[in-house]
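Asker: One structure follows; several queries about it will come next.
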Amino acid sequence: MPGVIFAQVGDADADHNCWQRPEDMDTPRTAFAVSEKALGSEVSAEIATALAAASMVFKAFGDRGYAILLYQRASKWIYFSIALVVGLTDFTDSMRIFGYYLRVEA
Numbered sequence: 020m021p022g023v024i025f026a027q028v029g030d031a032d033a034d035h036n037c038w039q040r041p042e043d044m045d046t047p048r049t050a051f052a053v054s055e056k057a058l059g060s061e062v063s064a065e066i067a068t069a070l071a072a073a074s075m076v077f078k079a080f081g082d083r084g085y086a087i088l089l090y091q092r093a094s095k096w097i098y099f100s101i102a103l104v105v106g107l108t109d110f111t112d113s114m115r116i117f118g119y120y121l122r123v124e125a
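If you want the numbering used here, it's the 1-based position in the sequence shown plus 19.
Below you can see the structure in the form of structure tokens.
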């Protein structure tokens, strides 16, 4: 589905009270979709972070083309995440504030 990402979250209290291996845990993991209609700024920011980190790794190992692709996708996710936090009406002004962090080239 274009424009939608799925995430899975556990119960923080149950997870922190459990000392089993993650593979053996049987606490429920609720799946949910994140999109423009179903908000999830934290998940979006985490996705952006992971893609940006992967971009740096691929750049370091010489795959500049894939690094740029990952960086472009990371940029889209961080813009989306910030838009969710500040609201779409304040998006342009917020990008001026956060833009400094997005200027790093892949």
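Glycine residues also receive a C-beta, built at the ideal position from the N, C-alpha and C atoms.
Being a predicted model, the structure only gives us computed values, none of them experimental.
#1: For tryptophan 96, which residues of its own chain have a beta-carbon under 7 Å away from its beta-carbon, when the five flanking residues on both sides are left out?
#2: Check valine 28 in the structure and name its three-state DSSP category.
#3: Within the continuous beta strand (DSSP E) that includes valine 53, where are the two ends?
#4: What residues in its chain sit with their C-beta under 8 Å from that of leucine 58, if we drop five residues either side in the sequence?
#5: Put aspartate 34 into one of helix, strand or coil per three-state DSSP.
#6: Shortest alpha-carbon distance to methionine 44 belongs to which of Val53, Ala31 and Phe51?
#7: Could you tell me the distance, in whole angstroms, from the CA atom of glutamate 124 to the CA atom of alanine 79?
#8: Using three-state DSSP, classify glutamate 22 as helix, strand or coil.
#9: Helix, strand or coil for glycine 59? Go by DSSP, reduced to three states.
Answerer: The structure says:
#1: Ser63, Ile66, Ala67 and Leu70
#2: strand
#3: 48 to 53
#4: Leu103
#5: helix
#6: Ala31
#7: Residue placement at glutamate 124 is flagged as unreliable, the pLDDT there being 47, under the threshold of 50; the coordinate-derived value follows with that caveat. Glutamate 124 and alanine 79: Cα-Cα distance of roughly 13 Å.
#8: This sequence places glycine at residue 22; glutamate is not what is there. Glycine 22: coil per DSSP, three-state reduction.
#9: coil
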